[in-house]
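Student:
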Amino acid sequence: MQAKQRAVVFAYHNVGVRCLKVLLAGGVDVALVVTHQDSTSENIWFESVISLCQTEGVPFITPEHARDDELRAQIAAAKPDLIFSFYYRHMLPESILAIAPAYNMHGSLLPQFRGRAPVNWAVLHGATETGATLHEMTVKPDAGAIVAQTAVPILPDDTAHEVFGKVTVAAEQTLWNILPSLLAGSAPRTLNDLSQGGYFGGRKPEDGRIDWSQPAAQVYNLHRAVAPPYPGAFTDINGRRYVIERARLYKDPLPSLPPGLAVVDNGIFGVCGDGGALAIHSLLADGLPISAAELKANLSASGE
Numbered sequence: 020m021q022a023k024q025r026a027v028v029f030a031y032h033n034v035g036v037r038c039l040k041v042l043l044a045g046g047v048d049v050a051l052v053v054t055h056q057d058s059t060s061e062n063i064w065f066e067s068v069i070s071l072c073q074t075e076g077v078p079f080i081t082p083e084h085a086r087d088d089e090l091r092a093q094i095a096a097a098k099p100d101l102i103f104s105f106y107y108r109h110m111l112p113e114s115i116l117a118i119a120p121a122y123n124m125h126g127s128l129l130p131q132f133r134g135r136a137p138v139n140w141a142v143l144h145g146a147t148e149t150g151a152t153l154h155e156m157t158v159k160p161d162a163g164a165i166v167a168q169t170a171v172p173i174l175p176d177d178t179a180h181e182v183f184g185k186v187t188v189a190a191e192q193t194l195w196n197i198l199p200s201l202l203a204g205s206a207p208r209t210l211n212d213l214s215q216g217g218y219f220g221g222r223k224p225e226d227g228r229i230d231w232s233q234p235a236a237q238v239y240n241l242h243r244a245v246a247p248p249y250p251g252a253f254t255d256i257n258g259r260r261y262v263i264e265r266a267r268l269y270k271d272p273l274p275s276l277p278p279g280l281a282v283v284d285n286g287i288f289g290v291c292g293d294g295g296a297l298a299i300h301s302l303l304a305d306g307l308p309i310s311a312a313e314l315k316a317n318l319s320a321s322g323e
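Residues 20 to 323 (the working numbering) make up the sequence shown, in order.
1. Looking at Leu128: is its Cβ nearer than 8 Å to the Cβ of Ala170?
2. For Met20 and Asp87, what's the separation of their Cα atoms in angstroms?
3. Give the DSSP-derived three-state secondary structure of Ser200 in the structure shown.
4. When you compare the CB positions of Arg267 and Ala298, do they come within less than 8 Å of one another, or not?
5. May I ask you to report which of helix, strand or coil DSSP gives Thr81?
6. Which residue's Cα is closest to the Cα of Gly204: Leu101, Ser70, Phe79, Cys38?
7. Return the Cβ separation of Ala179 and Arg243 in integer angstroms, given the expectation that the two are a contact with Cβ distance under 8 Å.
8. For His84, does the count of other Cβ atoms within 10 angstroms reach 16, so buried, or fall short, so exposed?
9. Indicate the three-state DSSP secondary structure (helix, strand or coil) for Gln237 in the structure shown.
10. Excluding the five sequence neighbours on either side, which residues of its own chain have a C-beta within less than 7 Å of the C-beta of Asn211, listed in chain order?
11. Taking DSSP as the reference, what is the three-state secondary structure of Ile94?
12. Nearest-angstrom Cα distance between Asn196 and Ala316?
13. What does the alpha-carbon distance come out to for the pair Gln237 and Gly295?
14. Is DSSP giving Met20 helix, strand or coil here?
15. Check whether the stretch 180-199 and the stretch 144-152 touch, using three or more Cβ-Cβ pairs below 8 Å as the test.
16. Near Leu252, which residues of its chain fall below 6 Å by C-beta distance, leaving aside the five closest residues on each side in sequence?
17. Determine, using beta carbons only, whether Val28 and Val49 come nearer to each other than 8 Å.
18. Please go through the same chain and pick out, in chain order, the residues whose beta-carbon is closer than 7 Å to the beta-carbon of Ser70, but skip the five residues on each side of it.
19. Does DSSP put Phe183 in a helix, in a strand, or in coil?
20. Quick one: grab the DSSP three-state call for Ala312.
21. Assuming Ile69 is part of the alpha helix (DSSP H), what are its boundary residues?
22. Quick one: what's got a C-beta closer than 7 Å to Gly220's C-beta in the same chain, skipping five residues either side?
23. Using a Cβ-Cβ cutoff of less than 7 Å, which residues in the same chain neighbour Pro234 once the five nearest sequence positions on both sides are dropped?
24. To the nearest angstrom, how far is it from the Cα of Pro82 to the Cα of Phe105?
25. Out of Thr54, Val47, Arg222, state which residue places its alpha-carbon closest to the alpha-carbon of Ala141.
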């Protein structure tokens, strides 16, 4: 009988949990998991890698960063045949990648949307599909050869959070399907053509600020890309912050109204530069729900 292959796994987030479960179910000897300390705020919707390790009796550590001689020594001592990274938040240095063949699970169809927050960027750009890609790790992020990938659709009204749920399942399926070949050393490799797609950076809450002069479709994509549980698309009026919680593209144009928030027939709308609009079904003012009547009074008081 062939001996189990040993792995060191860098993992976090829902993808980290699901892919770690795949390795355990696939008979991989997980010698060590490197993860992050759980965040109370993030675990509102993130599953816990630490909790899974405790349940399964898998050794884990939570170093502050990956560029540490002690961490490299711990990984080398585990004598892994393979190294995996599943939504771990730090880049792995060359000194660690040199220990064993290393593979990363990325939340897009590489080479598209390389870098940080790939699901949010895909929704923001109006992409109609994305997915999960397992690829060889190199020092350059998301640049190694593609081993396997699985596509999922992005429907017109999907938020990034909804798409991320699909990508999590796609990551699990991708790893489950390729794992036997990967362990046997027969998994295929496909060129990751870096002339296609592009790199994208991390996103900050301020990136959710709405420019109402943009077309309605573009503003709607911003809303979908950052809708709760992300911080949300927002606009500031007279010192108050209004955050769109739920909205849809409105079927009719509202060209007679200036761009910005408006109340029409007791409904809240976001009017955009092309005359199109978002029908806003739930709006927060300084973190609290606000009705159409309250918004109308606020806008009148501010001269909007």
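For every residue, glycine included, the Cβ atom is placed at its ideal position computed from N, Cα and C.
Tutor: Straight from the coordinates:
1. Residue mapping note: residue 128 aligns to position 109 of the sequence shown, counting from 1. Residue mapping note: residue 170 aligns to position 151 of the sequence shown, counting from 1. Yes, Cβ-Cβ distance for Leu128 and Ala170 is below 8 Å.
2. Taking the first residue of the sequence shown as 1, we reach residue 20 at position 1. Taking the first residue of the sequence shown as 1, we reach residue 87 at position 68. Only weak support exists for where Met20 lies, its pLDDT of 45 falling under 50; the coordinates are left without a value.
3. As a working mapping, residue 200 is identified with position 181 in the sequence shown. It is helical.
4. Here residue 267 refers to the residue found at position 248 of the sequence shown. Here residue 298 refers to the residue found at position 279 of the sequence shown. A contact, by the Cβ cut-off of 8 Å.
5. Here residue 81 refers to the residue found at position 62 of the sequence shown. Three-state DSSP puts Thr81 in coil, outside helix and strand.
6. Numbered from 1 along the sequence shown, position 185 holds the residue referred to as residue 204. Among Leu101, Ser70, Phe79, Cys38, the Cα nearest to that of Gly204 is on Leu101.
7. Looking up residue 179 in the sequence shown gives position 160. Looking up residue 243 in the sequence shown gives position 224. Right, the Cβ-Cβ distance comes to about 6 Å (below 8 Å), so this counts as a contact.
8. As a position in the sequence shown, residue 84 is number 65, starting the count at 1. Exposed, by the Cβ-count rule.
9. Here residue 237 refers to the residue found at position 218 when the sequence shown is read from its first residue. Of the three classes helix, strand and coil, the one that applies to Gln237 here is helix, per DSSP.
10. By 1-based counting over the sequence shown, the position of residue 211 is 192. Counting only Cβ-Cβ distances below 7 Å, and skipping sequence neighbours, we find Leu129, Pro130, His154, Ala162, Gly163, Ala164, Ile165.
11. Within the sequence shown, residue 94 is the residue found at index 75, counting from 1. Note: Ile94 maps to helix in three-state DSSP.
12. The residue you call residue 196 lines up with position 177 of the sequence shown. The residue you call residue 316 lines up with position 297 of the sequence shown. Taking the straight line joining both Cα atoms gives about 57 Å.
13. Numbered from 1 along the sequence shown, position 218 holds the residue referred to as residue 237. Numbered from 1 along the sequence shown, position 276 holds the residue referred to as residue 295. The straight-line gap from Cα to Cα measures roughly 10 Å.
14. Against the sequence shown, residue 20 aligns to sequence position 1. Annotation note: pLDDT 45 at Met20 (below 50); position unreliable, coordinate value reported separately. Met20: coil per DSSP, three-state reduction.
15. yes
16. Counting from one through the sequence shown, the residue named residue 252 turns up at place 233. Just to set this straight, residue 252 is Ala in the shown sequence, not Leu. Gly227, Ile229, Leu241, His242, Val245, Ile263.
17. Sequence index remark: in the sequence shown, residue 28 carries index 9 (1-based). Sequence index remark: in the sequence shown, residue 49 carries index 30 (1-based). Contact: yes.
18. Within the sequence shown, the letter at position 51 stands for residue 70. There are no such residues.
19. Mapped onto the sequence shown, residue 183 falls at position 164. DSSP places Phe183 in helix when its eight states are reduced to three.
20. Reading the sequence shown from its first residue, position 293 is the one you call residue 312. Ala312 falls in the helix class under three-state DSSP.
21. In the sequence shown, residue 69 corresponds to position 50, counting from 1. Note, Ile69: alpha helix (DSSP H), 68-75.
22. Walking along the sequence shown from the start, residue 220 turns up at place 201. Answer for Gly220: Gly134, Arg135, listed in chain order.
23. In the sequence shown, the residue the question calls residue 234 occupies position 215. Cβ neighbours of Pro234 beyond the five flanking positions: Cys291, Gly292, Asp293, Gly295.
24. Numbered from 1 along the sequence shown, position 63 holds the residue referred to as residue 82. Numbered from 1 along the sequence shown, position 86 holds the residue referred to as residue 105. Answer to the nearest angstrom: the Cα atoms are 16 Å apart.
25. Translated into positions along the sequence shown, residue 141 becomes position 122. If we check each option's Cα against that of Ala141, Arg222 comes out closest.
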